[in-house]
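Here the structure is laid out as C-alpha cells; the discussion comes afterwards.
Residue numbers (our numbering): 29 to 499.
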C-alpha cells in the first residue's frame with residue numbers, strides 16, 4: 029500500500045515524533061498540508077509521512093504531490109487507494125465534496141496504514157474529522173484536526189451544530205458566533221442553506237466531532253484573527269474544546285522548476301519587465317470557474333482599467349476537463365488588444381512567487397484561504413471577490429484587518445447579477461492607487477513575519493504541538 033518502504037524503528041532518528049498527515053482533496057487543502065509537512069520535517073525534526081489518496085481529483089494535485097516528495101525526500105509518501113465507490117449517488121454534487129465522501133467511506137483502510145507507519149500522531153483534514161478520529165482512537169493514536177481555512181470559519185463550524193439545534197425548523201439566518209462576531213446570512217456558505225446538501229451533512233458531522241480530537245490546528249496567527257483564535261482557545265465557541273494551535277501563516281514551499289513551470293510559460297520574465305507595483309494579479313483559485321458572461325465582463329473591466337495585469341483564467345471546475353483555449357473563452361480580438369500590457373494564461377503559476385514580485389501591486393482574489401495567507405506574507409493589497417463556500421467569511425477577515433477591500437454587493441455563485449466591466453474597472457483603478465491600503469497591508473505583512481519568527485506566537489504554537497506529539 030505504501031509506495032515507499034517505511035523504516036524500521038532502528039532506522040528512525042532517535043525519539044523523533046512520527047507524524048502522519050492526512051489531507052483531503054483540493055489544492056486549498058493539499059497545499060497547507062504540504063507546508064505543514066515541511067515545517068515539521070525540516071524545522072522541527074519530526075519524522076513525517078503524508079497519506080496520498082489515489083486517484084487524485086485534479087492534475088494540479090498530482091503535480092503538487094510529486095513536487096513535494098521529489099523536493100523533500102525526508103517526507104515519506106503513503107498511498108491510500110480508495111475503496112470502490114459509486115459516485116453516481118451524488119451526480120449533481122461538487123466533485124471535490126464527492127471525493128471527501130469517498131475518502132470518508134474509505135476511513136477503515138487507514139487502520140493498517142497507520143499501524144504499519146508506527147504513527148505517534150495523526151493530523152487529519154477537517155473534512156475527514158468525524159470518520160478518522162474513531163479510527164485513531166481504536167489504535168490509541170492521538171488525532172489532531174487541521175483546519176486549512178480561517179479561524180473565523182473554524183468558529184462557525186464549531187458553533188454550527190449548536191446553532192442548528194437552537195434554530196430548528198427555521199431557515200439559516202445571521203449566525204452570532206459566541207466570542208467572535210455576527211456572520212451575516214449572505215456570507216454563510218451556499219451549501220449550508222440546504223440541510224440535504226452533501227457538504228452540509230459532512231460539515232455538521234465534523235463540527236460535532238471536534239471535542240473528541242486531541243488538538244486542533246489552524247493556519248492563521250493571533251494578530252490576524254484575534255477574536256476567533258481567543259474564542260476557540262477559551263472554549264467560548266463550544267464547550268469541551270481540545271487545545272487550539274494557531275500555526276500560520278505556514279511558509280510557502282518552493283519546488284525546483286519542473287513540468288508545471290515549463291507549461292506556465294515565463295511569466296517571471298514578463299513581470300521583470302513591468303514597473304514596480306503596477307501589475308494587477310487576477311486569480312480565482314483552483315476550485316471554481318467564472319460563468320461565461322462574468323468572464324467577459326471581467327475581461328472588459330481589466331482592459332478598461334488601463335492597468336497592467338497578469339490573469340490566470342480557469343475554464344472548468346476540474347482541470348482535467350479544461351480543454352478550451354483562451355481564444356475560445358475570451359476571444360482573439362481581446363487577447364490581441366491587451367497583448368504586451370497583459371499576460372493571460374490558463375497554466376498553473378506559482379502564486380506565492382507572483383505575489384512576492386515587486387511589480388505586483390494588487391491581487392484580485394476569490395479569498396480562498398491559501399490566497400489570503402500568501403497575501404499576508406507578501407503584503408500585497410487584496411481586492412476581494414469571493415465566489416463560494418467560506419470565501420465571504422475570509423473576505424470579511426481581509427477587510428477587518430486592513431489587508432484589502434471587499435465590495436460586498438458584488439455577486440457570487442448562485443446569484444444572477446453580473447458585475448459589469450465598468451464597475452470592475454473603476455474599483456481596480458481606485459484600489460491600486462490607495463496608499464492607505466498599501467500601508468495597512470505592509471503592517472499585516474510585518475505582523476505575519478513576527479508571528480512565525482523565533483519566539484513569535486505561531487512559532488511557539490507549532491513548537492508546543494511538536495512537544496505534545498513527542499509525549
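Cβ atoms here follow ideal geometry from the backbone N, Cα and C, with glycine treated the same way.
Keep in mind it's a predicted model, so treat the numbers as computed, not measured.
task = Please confirm if the region 211-223 is in contact with the region 237-248, defined as three or more CB-CB distances below 8 angstroms between the two stretches.
result = no
query = In chain order, which continuous runs of the beta strand (DSSP E) of length 3 or greater are located wholly inside the region 231-284?
reply = 243-246, 272-274
request  = For residue 473, collect the residues of the same chain with a Cβ closer than 7 angstroms to its Cβ; drop the 5 residues on either side in sequence, then sort them by chain order.
outcome  = In the chain shown, counting from the first residue as 1, residue 473 sits at position 445. Within the same chain, and ignoring the five residues on either side of residue 473 in sequence, the residues whose Cβ sits closer than 7 angstroms to its Cβ are 404, 405, 406, 407.
task = Spell out a yes or no on whether the region 161-180 and the region 421-428 are touching, meaning 3 or more CB-CB pairs, one atom from each, closer than 8 angstroms.
result = yes
key: Meets three-Cβ-pair contact criterion under 8 angstroms: the region 320-331 and the region 440-455   = yes
ask   = Between the C-alpha atoms of residue 62 and residue 76, what's the straight-line distance to the nearest angstrom?
value = Working through the chain shown from its first residue, we reach residue 62 at position 34. Working through the chain shown from its first residue, we reach residue 76 at position 48. If you take the alpha carbons of residue 62 and residue 76, they lie about 11 angstroms apart.
query = Is the beta carbon of residue 74 less than 8 angstroms from the beta carbon of residue 48?
reply = Within the chain shown, numbered from 1, the residue matching residue 74 stands at position 46. Within the chain shown, numbered from 1, the residue matching residue 48 stands at position 20. Result no, Cβ atoms of residue 74 and residue 48 do not sit closer than 8 angstroms.
message = Quick check on the burial criterion: 16 or more other C-beta atoms within 10 angstroms. Buried or exposed for residue 213?
response = To locate residue 213, count along the chain shown from 1; it is residue 185. Burial call: exposed.
request  = Could you round the C-beta distance between residue 389 and residue 460 to whole angstroms and report it? I think they count as a contact, below 8 angstroms.
outcome  = The residue given as residue 389 occupies position 361 in the chain shown. The residue given as residue 460 occupies position 432 in the chain shown. Between residue 460 and residue 389 the Cβ distance is about 6 angstroms, and since that is below 8 angstroms, they are a contact.
ask   = Thinking C-alpha only, which one of 275, 102, 60 is nearest residue 483?
value = Looking up residue 483 in the chain shown gives position 455. Closest option to residue 483, Cα to Cα, is 275.
key: residue 260 versus 216, 208, 59, residue with shortest Cα-Cα distance   = The sequence position of residue 260 within the chain shown is 232, counting from 1. Comparing C-alpha distances from residue 260 to each of 216, 208, 59 shows the shortest one belongs to 208.
ask   = Taking the DSSP output, what are the residues bridged to residue 339?
value = Counting from 1 along the chain shown, the entry for residue 339 is found at position 311. Partner(s): 310, 372.
inquiry  = So for residue 392, helix, strand or coil by DSSP?
reply    = Taking the chain shown and counting its residues from 1, the one referred to as residue 392 is at position 364. In this structure, residue 392 counts as strand in the three-state DSSP scheme.
key: First and last residue of the uninterrupted alpha helix (DSSP H) at residue 92   = Stepping through the chain shown from its first residue, residue 92 is reached at position 64. Unbroken alpha helix (DSSP H) run through residue 92: 87-99.
ask   = From which residue to which residue does the beta strand (DSSP E) around residue 175 run?
value = Taking the chain shown and counting its residues from 1, the one referred to as residue 175 is at position 147. Start and end: 171-175.
query = Which residues share a DSSP beta bridge with residue 152?
reply = Looking up residue 152 in the chain shown gives position 124. Assignment of beta-bridge partners to residue 152 by DSSP yields 50, 173.
8 angstroms Cβ cutoff met for residue 167 and residue 192 = The residue labelled residue 167 in the question sits at position 139 within the chain shown. The residue labelled residue 192 in the question sits at position 164 within the chain shown. Taking a C-beta distance under 8 angstroms as the contact criterion, residue 167 and residue 192 do not qualify as a contact pair.
query = Using a Cβ-Cβ cut-off of 8 angstroms (strictly less than) and excluding sequence neighbours within five positions of residue 493, which residues of its own chain qualify?
reply = Taking the first residue of the chain shown as 1, we reach residue 493 at position 465. Only 172, 243, 245, 273, 275 meet the Cβ criterion.
One or two residues paired with residue 429 in a DSSP bridge = Indexing the chain shown from 1 puts residue 429 at position 401. None; residue 429 has no bridge partner.
task = Could you name each continuous alpha helix (DSSP H) segment of 4 residues or more that falls completely within the region 412-463, going from the start of the chain to the end?
result = 419-428, 449-460
message = Which residues does DSSP list as the beta-bridge partners of residue 505?
response = Lying before the first or after the last residue shown, residue 505 is absent from the chain, which here runs from 29 to 499.
task = Report yes if the C-beta of residue 124 is less than 7 angstroms from at least one heavy atom of the ligand FAD; otherwise report no.
result = As far as ligands go, the structure on display features none, and thus does not contain the ligand FAD.
query = At which residues does the alpha helix (DSSP H) containing residue 356 begin and terminate?
reply = On the chain shown, residue 356 is found 328 positions in, with the first residue counted as 1. Here the alpha helix (DSSP H) through residue 356 covers 354-358.
request  = Go ahead and label residue 320 buried or exposed: buried means 16 or more other beta carbons lie within 10 angstroms of its beta carbon, across all protein chains shown.
outcome  = Indexing the chain shown from 1 puts residue 320 at position 292. The residue in question, residue 320, is exposed, as its Cβ has fewer than 16 Cβ neighbours within 10 Å.
task = Check residue 299 in the structure and name its three-state DSSP category.
result = For the purposes of this step, residue 299 is taken as the residue at position 271 of the chain shown. Here residue 299 sits in helix by DSSP.
request  = Tell me whether residue 364 is buried or exposed, calling it buried when 16 or more other Cβ atoms sit within 10 Å of its Cβ.
outcome  = Locating residue 364 in the chain shown gives position 336, where the first residue counts as 1. So residue 364 counts as exposed.
task = Answer with buried or exposed for residue 290, where buried requires no fewer than 16 other C-beta atoms within 10 angstroms of its C-beta.
result = In the chain shown, residue 290 corresponds to position 262, counting from 1. Only weak support exists for where residue 290 lies, its pLDDT of 47 falling under 50; the coordinates are left without a value.
inquiry  = Closest to residue 140 by C-alpha separation, out of 121, 197, 163, would be which residue?
reply    = For the purposes of this step, residue 140 is taken as the residue at position 112 of the chain shown. Checked all of 121, 197, 163; the closest Cα to residue 140 is 163.
Pairwise C-alpha distance: residue 306 and residue 236 = Within the chain shown, numbered from 1, the residue matching residue 236 stands at position 208. Within the chain shown, numbered from 1, the residue matching residue 306 stands at position 278. Computed Cα separation, rounded: 47 angstroms.
query = For residue 198, does the count of other Cβ atoms within 10 angstroms reach 16, so buried, or fall short, so exposed?
reply = As a first step, residue 198 must be located in the chain shown, where it is residue number 170. Classification for residue 198: exposed.
ask   = Helix or strand or just coil, what does DSSP make of residue 109?
value = As a first step, residue 109 is located in the chain shown; it is residue number 81 there, counting from the start. Looking at residue 109 - three-state DSSP - the assignment turns out to be strand.
task = Kindly indicate which three-state DSSP category residue 161 falls into: helix, strand or coil?
result = As a position in the chain shown, residue 161 is number 133, starting the count at 1. Shown here, residue 161 sits in a helix according to DSSP, grouped into three states.
Buried versus exposed call for residue 410 [16 or more other C-beta atoms within 10 Å across all chains shown] = Taking the first residue of the chain shown as position 1, residue 410 is located at position 382. Residue 410 comes out buried.
message = Can you tell me which residues form a DSSP beta bridge with residue 211?
response = As a working note, residue 211 is residue 183 in the chain shown. Answer is 203, bridged to residue 211.
query = Is the distance from the Cβ of residue 269 to the Cβ of residue 238 below 8 angstroms?
reply = The sequence position of residue 269 within the chain shown is 241, counting from 1. The sequence position of residue 238 within the chain shown is 210, counting from 1. Yes, these two residues count as a Cβ contact at 8 angstroms.
ask   = Measuring CA to CA, which of 358, 379, 354 is closest to residue 279?
value = Against the chain shown, residue 279 aligns to sequence position 251. Nearest of 358, 379, 354 to residue 279, Cα basis: 379.
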